Amino acid sequence: MQTQNAISRDSSRHPTSILARQAHVEKPFGMIGAPMRFARNSEIYGEEEAAEYLYQVVSGAVRTYKILEDGRRQIGTFYLPGDIFGFEAGESHISSAEAVCETRVVVVKRAALMARAAHEKDLAGQLWDAAAQELRRFQQHLMLLICSAEERVVGFLHDMARRATKNAAVELPMSRQDIADYLGLTIETVSRTFTQLERNGVISLPTARRVELRNCVKPNRLMVA
2 MQTQNAISRD SSRHPTSILA RQAHVEKPFG MIGAPMRFAR NSEIYGEEEA
52 AEYLYQVVSG AVRTYKILED GRRQIGTFYL PGDIFGFEAG ESHISSAEAV
102 CETRVVVVKR AALMARAAHE KDLAGQLWDA AAQELRRFQQ HLMLLICSAE
152 ERVVGFLHDM ARRATKNAAV ELPMSRQDIA DYLGLTIETV SRTFTQLERN
202 GVISLPTARR VELRNCVKPN RLMVA
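Each residue of the sequence shown is one higher than the last, beginning at 2 in the working numbering.
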């Protein structure tokens with residue numbers, strides 16, 4: 002497992018290393034997690050590997066995904082700084098996780114964290130909130146996938162702006178292909194939709210990755226809370 006290898010020693014499988022423990026980390030992992038760094042597109046954990054750890058993003062972004070029977074990739078979730086991931090109902094991961102760009106995370110052994118949470122109400126509450134947020138993202142993603150292509154892209158952009166910067170502009174760490182694989186669209190459809198939204202004044206694109214949202218269009222309430 003990539004996480005286990007990186008914690009015990011430098012791994013030759015992926016360019017991963019332990020970070021200095023002075024790195025700033027938000028609660029609940031800040032005082033108890035092992036800092037790690039993952040290079041762009043490097044694997045954090047693989048599908049069906051033992052779910053022994055929980056992770057919190059410090060900087061960068063993480064995607065979880067599955068490869069479908071026809072070879073297509075379906076991205077399930079994007080995690081941004083502050084987000085916790087790695088929750089599983091069973092003992093193994095149902096999808097793989099990769100760093101979208103150079104990413105720093107903190108890692109905590111799941112069993113140790115659960116044992117500690119049994120005696121610390123604040124920690125237990127934070128983990129409950131994180132698990133509830135994970136369920137909420139899953140539900141919102143399902144609702145997004147039944148919308149039109151334009152509604153999917155607009156909903157996605159509003160969600161990214163809300164989560165990443167709390168305003169109407171966002172620097173997207175992910176590629177257009179990532180967005181397509183998350184929204185269940187082709188990259189051609191995503192690129193065409195971006196162009197149409199810009200032409201209609203819904204968004205502006207100062208750069209390929211920076212998107213500014215206008216106030217003239219709001220996302221469907223079912224897509225983004």
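Where is the CB? At the ideal position from N, CA and C, for every residue including glycine. Remember, predicted model here, so these are calculated numbers, not experimental data.
Inclusion of R64 and E99 in the CB contact set at 8 angstroms is warranted, their separation being smaller than that value.
Note that the stretch 64-77 touches the stretch 96-110; at least 3 beta-carbon pairs, one per stretch, sit closer than 8 angstroms. The shortest C-alpha to C-alpha distance from A52 to any of V59, G34, F86 and T78 is the one to F86. Within the model, the alpha-carbon separation for M37 versus R117 is close to 22 angstroms. Taking the Cα of D160 as reference, the smallest distance to any Cα among A125, R73, L214 and R105 is reached at L214. V155 is positioned such that its CB atom lies closer than 8 angstroms to that of L198. Per DSSP, the beta-bridge partners of Q57 are I85 and V107.
The beta carbon of V109 sits closer than 7 angstroms to those of F30, I33, G34, Y54 and L55, all from its chain and outside the five residues before and after it, given in chain order.
One thing to note: R164 has its Cβ no nearer than 8 angstroms to the Cβ of L69.
Looking at the DSSP output, F79 sits in a beta bridge with R64. The criterion of a C-beta distance shorter than 8 angstroms is not satisfied by V191 and I204.
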